[in-house]
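Peer 1:
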Amino acid sequence: MKFIVIFMALLLGVSCDKSNESAEDTAKTAAEKMGVPSEKEIKQDIKKGVEDVLKNKGPKWKVSYNGDLSGKLEGSILTATSVAGATTLVGADMTPDKKAKADHQIQATIVNRADPPMVMMTLTLADGTKCQAGKGQTSKVKFHDENAKTLKADLKGALTCEGGKKITYEANVDRS
1 MKFIVIFMAL LLGVSCDKSN ESAEDTAKTA AEKMGVPSEK EIKQDIKKGV EDVLKNKGPK
61 WKVSYNGDLS GKLEGSILTA TSVAGATTLV GADMTPDKKA KADHQIQATI VNRADPPMVM
121 MTLTLADGTK CQAGKGQTSK VKFHDENAKT LKADLKGALT CEGGKKITYE ANVDRS
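The following block contains the structure:
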């Protein structure tokens with residue numbers, strides 16, 4: 001986490017006067033100004049997400065996919081973080097007996113500032129197969145709410161899965 005914060009400060013061109021504060025303090029200050037959540041806030045967000053999964057409530061995601069493989073998946077959103085015009089969300093689920101994490105999950109980074117907004121999607125299917133955008137494959141997003149804390153959006157696009165299998169997907173994420 002420290003590396004990311006320091007990297008972002010360098011990326012933004014924040015200077016550091018060693019006589020007054022360390023590079024890490026300068027980076028933290030820059031991150032706070034950009035609205036980057038602290039490590040503590042991220043951990044709290046994930047903990048609440050896990051509690052919601054165990055109780056089978058809270059924000060949800062659903063994906064249906066077709067092509068060389070087909071199926072439907074759903075689960076709870078564990079966390080969504082927005083930094084500098086990009087929102088990343090992670091969703092997972094529990095096994096039906098709630099004793100272990102299920103294999104399927106979703107991870108999507110939505111670059112809001114792109115025109116049109118761009119989606120980088122990774123979908124792990126129930127059997128553990130990973131799918132992500134391949135060369136020339138794109139995804140689209142339609143926002144109903146862009147705020148990371150109340151994110152609500154529809155995603156659709158094409159992915160290539162391990163073994164070269166191709167799928168198209170439609171996903172709904174609702175963190176409200």
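Numbering (the UniProt record's numbering), first residue to last: 1 to 176.
Cβ coordinates follow ideal geometry from the N, Cα and C atoms, glycine included.
Whole angstroms are fine: how far does the CA of residue 162 sit from the CA of residue 175?
Peer 2: Residue 175 and residue 162: Cα-Cα distance of roughly 29 Å.
Peer 1: Do you know how far the Cα of residue 88 is from the Cα of residue 147?
Peer 2: Going by the C-alpha atoms only, they are around 11 Å apart.
Peer 1: Here's the rule I'm using: 16 or more other beta-carbon atoms within 10 Å means buried, otherwise exposed. How should residue 114 be labelled?
Peer 2: Exposed is the call here.
Peer 1: Which partner residues of residue 130 appear in the DSSP bridge assignment?
Peer 2: DSSP, once it has assigned bridges, lists 124 as partnering residue 130.
Peer 1: Indicate the three-state DSSP secondary structure (helix, strand or coil) for residue 41 in the structure shown.
Peer 2: Of the three classes helix, strand and coil, the one that applies to residue 41 here is helix, per DSSP.
Peer 1: In this structure, does DSSP put residue 162 in helix, strand or coil?
Peer 2: Reduced to three states, the DSSP call for residue 162 is helix.
Peer 1: Helix, strand or coil: how does DSSP classify residue 17 here?
Peer 2: Confidence in residue 17 is poor, its pLDDT being 45 and thus under 50, which makes the residue's placement too unreliable to answer from.
Peer 1: Bridge partners for residue 60 per DSSP, in chain order?
Peer 2: Beta-bridge pairing links residue 60 to 76 and 174.
Peer 1: Hey, how far is the Cα of residue 110 from the Cα of residue 72?
Peer 2: About 21 Å.
Peer 1: In whole angstroms, what separates the C-alpha of residue 157 from that of residue 67?
Peer 2: Taking the straight line from one Cα to the other gives about 12 Å.
Peer 1: Does the Cβ of residue 68 lie closer than 7 Å to at least one heavy atom of the ligand SAM?
Peer 2: Because no ligand of any kind appears in the structure shown, any question about the ligand SAM cannot be addressed here.
Peer 1: Which of the three DSSP states, helix, strand or coil, is assigned to residue 145?
Peer 2: Three-state DSSP puts residue 145 in a strand.
Peer 1: How long is the line joining the alpha carbons of residue 78 and residue 90, rounded to whole angstroms?
Peer 2: Cα-Cα distance, rounded: 6 Å.
Peer 1: Name the DSSP beta bridge partners of residue 66, please?
Peer 2: Answer by DSSP bridge pairing, in chain order: 168.
Peer 1: Just the C-alpha distance for residue 63 and residue 42, rounded to the nearest angstrom, thanks.
Peer 2: Approximately 25 Å, taken between the alpha carbons.
Peer 1: Just the C-alpha distance for residue 164 and residue 75, rounded to the nearest angstrom, thanks.
Peer 2: Going from the Cα of residue 164 to the Cα of residue 75 covers about 25 Å.
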